[in-house]
Structure formats: structure tokens, C-alpha cells
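In terms of my numbering, the sequence shown opens at residue 337 and continues consecutively. C-beta atoms are modelled at their ideal positions from N, C-alpha and C, and glycine is treated no differently. See below for the structure under consideration.
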Amino acid sequence: MITVNGLSVPKPEVDWTDVEEPVSVGNARVLNAIFNGVDLNVFKLINSCSTAKEAWKTLEVAYEGTSKVKILRLQLITSKFEALRMTEDESVSDYNKGVLEIANESLMLGEKIPDSKIVRKVLRSLPRKLDMKVIVIEEAHDITTLKLDELFGSVLTFEMAIAVRETKKGKGIAFKSTHVSEK
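Shown next as C-alpha cells:
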């Protein structure tokens, strides 16, 4: 950009230095990639941006909000994480989805919840029907190194075993009785 009569106008390409040309080409490529990677509604937000950096900053504010909004969202996610509990009628798979959703939201805002913290929280928040499994996991594994997918796999297997037992318990053998009367 150059200033002409107090106004900032683009510098003619013929006057570009050897450094300015590749920078401009790189900016145009990145800006084009950003434009092509968004839908029409988002494109309307950034179509007036002249640099890739400006477009990216606009997208960051639109999706993540300002730093204050980001901090508030992180606080809300932390509150959700702390209040997390599996209900008696909730399946392990559904609970797993909820836990991962919260962990991913936090990660997207730049704050990764450590796996060991998530594992400890999950073990504390499982319902009473899974207490025996929690005790076995705590005794058999080092919960500081236990992976979340291993934990949920183990709990899911236990839940499935309980379900099989419950269905077998309901199925009994019924004998048909016949009564023969003597005459």
C-alpha cells in the first residue's frame, strides 16, 4: 500500500519488490483457500477482507468470540464437566458421547482436559449399579495412565454382561402340566 493525497491505495504490481511479490501471491492463495473452505453465509462475513490474516481474525471472533467470550465459554464447559454424572437409565455409550463432547469443546477453545482427569471424573460419576466394576478397575489399573477408551470399553463390556444376565434371569423353563383324573 502507498499513500496518495492522504489516501491508502494498493501499490501497482510493477513497483513491487522481489520480497513483496511472493508475499502477495502467498496471501492470495491462503485467502482463496479460506474463501473456498466456508459456506455462503460465512463468506459474506469475510469477503471484504483483503488479507488472509484479516479474514482469519474475523473467523476467529465469529466462531470463538473475543477472549472474554472464550474465557466465559471455558468456564461454562468446566462447570458442565464438574456437574457431569451418569444417570441410572443412561447407557454407557451415551455417557461416553457426552463426556467426549465436553472434552472436545474444551479442546476446541484451546484448553485440553488431561485424560487422567477425565478418567478420574468418569469413575466418580458412574451410577451405583457399576460400583463393583469401578472398584475392580481402580484395583487392577493405574488410573493415572488408564486411557479413556480403555475405561469405557471395560465399563461397556460389564454393562453388556449385566444386560445378558438380566435377560437370562427372566427366561425360565415352564412345564406344561396335565391332570389326568382317575375314574
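Mapping DSSP to helix, strand and coil, what is L482? coil
Cβ atoms of I370 and W306: under 9 Å apart, would you say? There is simply no residue 306 to check, as the chain begins at 337 and stops at 519 in what is shown.
Given a threshold of 16 other Cβ atoms within 10 Å of its Cβ, counted over all protein chains shown, does I471 qualify as buried or as exposed? exposed
State the Cα-Cα distance for the pair G446 and V340, rounded to the nearest angstrom. 43 Å
On the DSSP letters alone, give me the boundaries of the alpha helix (DSSP H) that L443 sits inside. V428 to M444
Which residues bound the alpha helix (DSSP H) around L376? L376 to I382
Under the three-state reduction of DSSP, which class applies to A343: helix, strand or coil? With the sequence shown as reference, residue 343 is identified as Leu, and Ala is not the correct amino acid for it. The answer is strand: DSSP assigns L343 an E or B state.
M444 beta carbon less than 9 Å from that of Y431: no
Here's the rule: buried if 16 or more other CB atoms are within 10 angstroms of the residue's CB, otherwise exposed. What is I407? exposed
Between the C-alpha atoms of K505 and K404, what's the straight-line distance to the nearest angstrom? 56 Å
Looking at V458: is its Cβ nearer than 9 Å to the Cβ of L492? no
Range of the contiguous alpha helix (DSSP H) that encloses T414: S403 to A419
Sequence-distant residues of its chain with Cβ nearer than 8 Å to R456 (five each side left out): I479
Terminal residues of the continuous alpha helix (DSSP H) containing D467? D467 to A476
Taking 7 Å as the limit between beta carbons, can you name the residues of its chain near M468, skipping five residues before and five after? none
Do L395 and V435 have their beta-carbon atoms positioned less than 9 Å apart in this structure? no
To the nearest angstrom, how far is the alpha carbon of A398 from that of S384? 15 Å
For E502, would you say it is in contact with chain B, using Cβ-to-Cβ distances shorter than 9 Å as the test? Included in the structure is just one protein chain, with no chain B present.
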